Each structure stands twice: as structure tokens, then as C-alpha cells.
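Mapping the sequence shown onto numbering that gives the first Met the number 0, position 209 (from 1) lands on 208, and the numbers just tick up by one.
Ideal placement from N, C-alpha and C gives every residue a C-beta, glycine not left out.
If you're wondering where the values come from, they're calculated on a predicted model, not measured in any experiment.
Report on one structure; see the data block that follows.
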Amino acid sequence: MELVIQNAIVITMNAQRQVLHGAEVVVENDRIVKVGAPARGGKQRFRKTIDAKGRVLLPGLIHAHLHACQTLCRNRADGYELLDWLRERIWPFEAAHDAVSMRASADLTFAEMIKSGATAALDMGTVRHYDAVFESARESGVRLTGGKAMMDSGQGVPAGLRETTEDSLNESLKLLQRWHGQEGGRLQYAFAPRFVLSCTEGLLKEVGERARQTGTRIHTHASENQTECDVVRSKTGMDNVGYFQHLGLLGPATTLAHCVWLTAAEQRALHETKTHVCHCPSSNLKLASGYAKVPELLKDGVNVALGADGAPCNNNLDLFVEMRLAALIHKPRQGPTSMSAAQVLEMATLGGARALGLEADVGSIEPGKKADLITVDLNDAASTPNGDDPVSALVYSGQSSQVRDVLVDGRVLMRERELLTLDEAKVLAAAREHGERLAQQIA
Ligand SMILES: [Zn+2]
């Protein structure tokens, strides 16, 4: 036996949604082998013990839409709508990256993820330097499904981000070969065509075919902003999701970020094809995009996950913030019982696991699953008293600063808020230095 977490309030997220008070969770190597009452009698010897008395133990939270490449541009892109935000601030910044700044950006992203209780992410890079993101994930220990952005078309795309259709595919396939399945499956590749307006039809069709051939996931943006939807309609004669369906890109291996402006037909297509949606409430509010009709999507049986999107449109990468917003913003329209805490926590755990195609391995605390776990201490002024429903306490009053321990694949990445795989002071210093350098480069 390698590790046991004792005395916690375990929010299992299993099929019965059991919450087990004082249960112990035993981890052997990278997997959970036992969830239940502590063993009585006969002394068991564990190499490591974490006493989580009074704390909540839950599955690590999962970002189903993230841009680790944008984090150094945090607090430098406020006050824009989507297309201006991309053309004036984000694309020039992304184009200025080199491999060193990209590594600093990814290290900062994963440090923030771990400190805020997220153990996995579905990430979209910029066009170049995606190896640096995988290298950072390999060393920091987070679970990453990611891919380089594909951009072989589009207005206002800087020279540093332009690529040919052939180069875009070749570079993606090379990254897929190098990284897919590495670290015991902790790192996975996903094709990431940026959005309809930055991709030729030829590229999107090829992505659909290559993804099917190689069993790889597709991660893209859809119907985020009304102007974007109008331009897509005038370019393709179709709605965003309808166009993806027409090209064969929808399906259970595809995750679409946003889906704010859907027609009834598009919503039906998502349901029929089992395509996943990632809800990004902070980003949608800050870029004045609107917000997805999540209660309706959930009612329709569409899997909806949660994500922070990029740091410059949020400006945090904190799923506690996203959970709270997701629980709140739909209520004025749908009533106070809509978007229950249980539904929202499911989006941030199992919903994310499904969106990453990892539901057999993560998203709940059950024997056989990977040990991606976090402990949260709700006993501070912000969350006391806890009431009698720890899920409600987490979603409505929980804060990322209450996350104490984080494990991925059974490896402890944070213990009592101290990062064990990243040197936090160095990561922050590098992020300041390279963030400033890139900002000056494009000024
Ligand atoms: Zn995005």
C-alpha cells in the first residue's frame, strides 16, 4: 500500500453520488484501490498517510477549455469584444512567443491550476511551440490533453501565426506522435482548429478524417459571439455548429467551447451527435459575448463541462469562480432551483472527464480510477458554518485558496498549499520577466 487519505468527508461523485464521512481512500501507485470505512484491527502499513480530518476530499477539478499560451497576457487585454480582442491583443501576443516564454506561460498556468484544485485540462495552444506546454505538464505533473492551434486562414492574423494547410496538419501530427499517451496516458493530444474563421474548409475536413483515423479528440471554439456567428454564416452559408456537422467534425470525441448562440437545430445536433460543450461563464461575460443556455443543454442530455478559457479574458484560471458563476448566472432566467450545486460540481468533475474522453479514469473517487484528488478545508471564515451539504458549501461558498492538497496519478503535487513539483517563486519571476518582454515586443 502506498498512500492513504484518512478522516475526510469524501464527495465521491460515484453513480449514487455518495458523500462518505470519515471514509478512507487508499491509493496504490496511480490508482484508487479502496474507498470506504477505515480498516479495523490488524495494522496496515502505508508508506504515506494524509490526515484530512474535517476536510472535504473530492475528485480533482477539470478545465475543459484553457489556453496555457495566453497566461502571460493576463491583465493586458481588458475592454474588448471577441474579434477585436483576438486581432488587437491576443494574436500579436501569441505570435511574439518563443519556446522559453511559452514554457514560462505553461509553468504559470499549471501552478495556478494546481493551487486552485484543478488536476486536468483540455488546452488549446497557439500555432507554435506546443512542445513547451507538454514539457511543462510532464514535469509539473498535471493531466493534459492539448494541441497546437491550427490557423491556415483568417483576417487580421499576424505573420507569426500564419501557416499553410499542409504545415498545420504536419506539425499537429508530429506533436501527436511525440506526446500522445506519454507519461502513462497522462498526456494526450487533441487536434485544435482554432475556430471556423481561422481555418479553411480543406483543413477542417482533414482534421475530421485524421482524428477518426488516429482516434484523437477535436477541441475548438463555436458560436461564442454574435458578430462571429454572422461572419461564419456569410462565409459558409451555415450556422457554426451546422457547418461543423456538415464537415463531419461533431461527435463524442469533439468538445466545443462556448456555444453561446445556438439555433434549436444546432442544439439538436449537439444532442444527436453526443458532442461535448464547455461552458466558460467568466470569459463569456467579460468579452460581452452573452452566456450559453446551459440548463436547456443539460435538460437535452448534452454533456456540459466547465472551463476558464484564457487568462486575458477571465482574468483567473480558477474553477471555483467558474462553478459559482455557473450556479448563479442562469438563475434569473430559469429560477432559483436551476443549476443546482450538484449539477455544477458534476460539470467541473465528471462533465470535464467526459469532455476529455477520460471518464473511465477520472472525474470520481472510485476503486479502479486514477488518483486525481484534492482536499479542501472549508473551515475558514468564508465557508463557516458549512451547513449539512458539503457540495453546496463548496459551490456557493468555496474558494480556491481553501484547496490544501492536490494529487494526480497518486503523486502529490501540492501539500498544505506548497507546490512540490514547481518552484513557485521562480515560476512567478519568469512569468513577470517574459510577460513584460512580450508586451514590449508588440508595443
Ligand atoms: Zn478559448
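Distance, residue j Cα to residue i Cα
i: R102; j: L196; result: 28 Å
i: S282; j: D308; result: 6 Å
i: Q439; j: D387; result: 52 Å
i: H329; j: M338; result: 7 Å
i: P280; j: C312; result: 10 Å
i: C277; j: A304; result: 5 Å
i: K33; j: A354; result: 26 Å
i: L344; j: A252; result: 22 Å
i: V24; j: K368; result: 12 Å
i: V259; j: V301; result: 14 Å
i: M413; j: E1; result: 17 Å
i: A268; j: T213; result: 24 Å
i: G397; j: T215; result: 35 Å
i: A105; j: A67; result: 5 Å
i: L372; j: L57; result: 6 Å
i: S363; j: A158; result: 44 Å
i: A442; j: G306; result: 30 Å
i: H245; j: S167; result: 21 Å
i: E138; j: T336; result: 42 Å
i: E134; j: D97; result: 14 Å
i: L202; j: M112; result: 32 Å
i: A287; j: L327; result: 17 Å
i: E208; j: V156; result: 26 Å
i: W84; j: T118; result: 28 Å
i: M346; j: V99; result: 34 Å
Contact belief for residue i with residue j at Cβ below 8 Å, rounded distance in angstroms
i: H257; j: E295; result: Actually they do not touch by this definition, with Cβ atoms about 15 Å apart.
i: T219; j: A191; result: 7 Å
i: D122; j: L143; result: 6 Å
i: L421; j: F109; result: 7 Å
i: Q17; j: T11; result: 5 Å
i: L349; j: V375; result: About 17 Å; that fails the 8 Å criterion.
i: L316; j: L65; result: 7 Å
i: V126; j: L377; result: Actually they do not touch by this definition, with Cβ atoms about 42 Å apart.
i: L71; j: L437; result: 6 Å
i: V206; j: M149; result: 7 Å
i: G59; j: V407; result: 7 Å
i: G140; j: R416; result: With a Cβ gap of about 16 Å, G140 and R416 do not count as contacting.
i: N385; j: N74; result: Contact flag wrong, Cβ pair sits at about 33 Å.
Burial state of residue i (16 or more Cβ within 10 Å)
i: H20; result: exposed
i: D526; result: It is not possible to answer for residue 526, since the shown part of the chain is limited to 0 through 442.
i: N169; result: exposed
i: Q176; result: exposed
i: Q154; result: exposed
i: K173; result: exposed
i: E165; result: exposed
i: K457; result: This structure does not reach residue 457, given that the chain is present from 0 up to 442, and the question cannot be answered.
i: N239; result: buried
i: T48; result: exposed
i: D379; result: exposed
i: Q187; result: buried
i: R88; result: buried
i: N28; result: exposed
i: P389; result: buried
i: R185; result: buried
i: R39; result: exposed
i: L298; result: For the sequence presented, residue 298 should be read as Lys rather than Leu. Classification of K298: exposed, given that the 10 Å Cβ count is below 16.
i: K292; result: buried
i: A381; result: exposed
i: D50; result: exposed
i: Q470; result: With the chain running from 0 to 442 in the structure shown, residue 470 is simply not present.
i: D151; result: buried
Bridge-paired residues (DSSP) for residue i
i: A256; result: H220 and C277
i: Q5; result: D50
i: H329; result: Answer by DSSP bridge pairing: none, since H329 is not bridged.
i: E417; result: R414
i: V26; result: L2 and I31
i: G146; result: M123
i: H20; result: I8
i: K369; result: R30
i: L56; result: V9 and T374
i: I61; result: A119
i: P192; result: M149
i: A304; result: C277
i: D388; result: Paired residues: none, contrary to the question.
i: V402; result: V375
i: V407; result: R410
i: L186; result: L143
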